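In case it helps, the numbering used here puts the sequence shown at residues 5 to 271. The structure under discussion appears below in the form of structure tokens.
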Amino acid sequence: MKKSSLLMLAVIAIILASCGSGKEVPYLIDANKLPQDVLNAAARMNDPVLMPGDMLQINVSGPDAEAIKPFNKSEYVNTTSINTGNSQDNSIYFYLVDNNGNIEFPMLGTLHVGGMTLSEMQEHIAAQIFPRYLTVKPGVEARIQNFRVFTLGEVGSPGVVRAPNGRLNLLEAISQSGDLNIKGRRDNIMIVRTNADGSRVVKTVNLNDPKLLVSPDFNLQQNDIIYVEPNSSQARASWSMPPGLSLGLSLLGTLMSVTTFVITLTK
């Protein structure tokens, strides 16, 4: 009876150890309790920081359409497309940030934009045009055309997540990746980020924590890598015994069996 009770306790302990706590599964626990003024302070999304490899769409606008034309790449592209018969290559409408963080802009020449946010670049371009070329300050609107992040690990559909509008937050990326698997660890999501100067930084965030909503890491930067590691139960389930250890234990078991048999015979 005592052995049966001990066996039952052992089974229960194994089951409890293999199951994650229910509190570790939900996202943003008690987020509704965050003060509204705290949420309001984080309402504005962070501007993406420009880096080499970014493909930018930039449009300059103003009241004088003819005066604005020389500052829009599309005006030159339309002429080229007509002359060459090539109207399908949309990439020629965009500005590629080169390895030095520069773009080539109509009329203005080489502009260094690497390390700037989109808003800062828009202001910088407007300042280069007005009042040198125009009597009215133009509007400048920019967007990253190839904004993307990568998800891997314990998500439904690991891969590339693209953002046509040039903005993406962590929950959106997870949602578009099919959500986290039930065995994915929610309290230690890893974000590997490449900075504008090529350096990298590794951040960790907790999806259980409601303060994530007001964290600067909630909004992603282009080319971020998001890794969801397995929780302890999944890690244990995927563990396999090394071949050497397995063979050793098998031999030890055989030896013990033989020894027991010999002892029994000699009694």
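Glycine included, C-beta positions come from ideal geometry on N, C-alpha and C. Here the structure is a predicted model, which means the values were calculated and not measured.
**Prompt:** So, is Ile186 buried or exposed, given that buried needs 16 or more other C-beta atoms within 10 angstroms?
**Reply:** exposed
**Request:** Give the DSSP bridge partners of Met194, in chain order.
**Result:** Paired residue(s): Thr208, Tyr231.
**Prompt:** Shortest alpha-carbon distance to Val232 belongs to which of Ser219, Leu138, Asn210?
**Reply:** Considering only Ser219, Leu138, Asn210, the residue with the shortest C-alpha distance to Val232 is Asn210.
**Request:** Could you tell me which of Asn227, Val64, Leu216, Ser236 sits nearest to Asp34, measuring between CA atoms?
**Result:** Leu216
**Request:** Pair every Cβ in the stretch 188-198 with every Cβ in the stretch 157-166, then say whether three or more of these pairs are closer than 8 Å.
**Result:** yes
**Item:** Residue range of the alpha helix (DSSP H) that includes Glu70
**Value:** Secondary structure note for Glu70: its alpha helix (DSSP H) is the uninterrupted segment 69-72.
**Asked** Which value, in whole angstroms, describes the spacing of the CA atoms of Leu115 and Asn212?
**Response** Going from the Cα of Leu115 to the Cα of Asn212 covers about 43 Å.
**Request:** Identify whether Gln132 lies in helix, strand or coil by the three-state DSSP scheme.
**Result:** helix
**Prompt:** Quick one: Cα of Lys207 to Cα of Pro67, how far?
**Reply:** 45 Å
**Message:** For a test of the three-state rule: what should DSSP assign to Arg177, helix, strand or coil?
**Reply:** Checking the displayed sequence, the identity of residue 177 turns out to be Ala instead of Arg. In this structure, Ala177 counts as helix in the three-state DSSP scheme.
**Item:** Buried or exposed (CB count within 10 angstroms, at least 16 for buried), Met120
**Value:** buried
**Request:** Taking Ala74 and Pro110 to be in contact with their CB atoms under 8 Å, please state how far apart those CB atoms are, rounded to whole angstroms.
**Result:** According to the sequence shown, residue 74 is Pro rather than Ala. Their Cβ separation, rounded to whole angstroms, is 6 Å, which keeps Pro74 and Pro110 in contact under 8 Å.
**Prompt:** Does DSSP put Ser65 in a helix, a strand or coil?
**Reply:** strand
**Bridge partners - Phe109, DSSP secondary structure assignment** = The partner list for Phe109 (beta bridge, DSSP) reads Gly113.
**Request:** Within its chain, find whatever has a CB closer than 7 Å to the CB of Leu184; leave out the 5 residues flanking it on each side and keep chain order.
**Result:** Glu158, Val159, Ile178, Arg190, Val232
**Nearest to Leu112 (by Cα), restricted to the options Val64, Leu224, Asn50** = For Leu112, the closest of Val64, Leu224, Asn50 by C-alpha to C-alpha distance is Val64.
**Message:** Once DSSP output is grouped into helix, strand and coil, what is the label at Leu60?
**Reply:** Collapsing the DSSP output to three states places Leu60 in a strand.
**Message:** If you follow the alpha helix (DSSP H) that Ala45 is in, where does it begin and where does it stop?
**Reply:** 40-45
**Coarse secondary structure for Arg31, derived from DSSP in three states** = Note that residue 31 corresponds to Tyr in the displayed sequence, not to Arg. Tyr31: coil per DSSP, three-state reduction.
**Message:** Between the alpha carbons of Glu176 and Thr139, how many angstroms are there, rounded?
**Reply:** 42 Å
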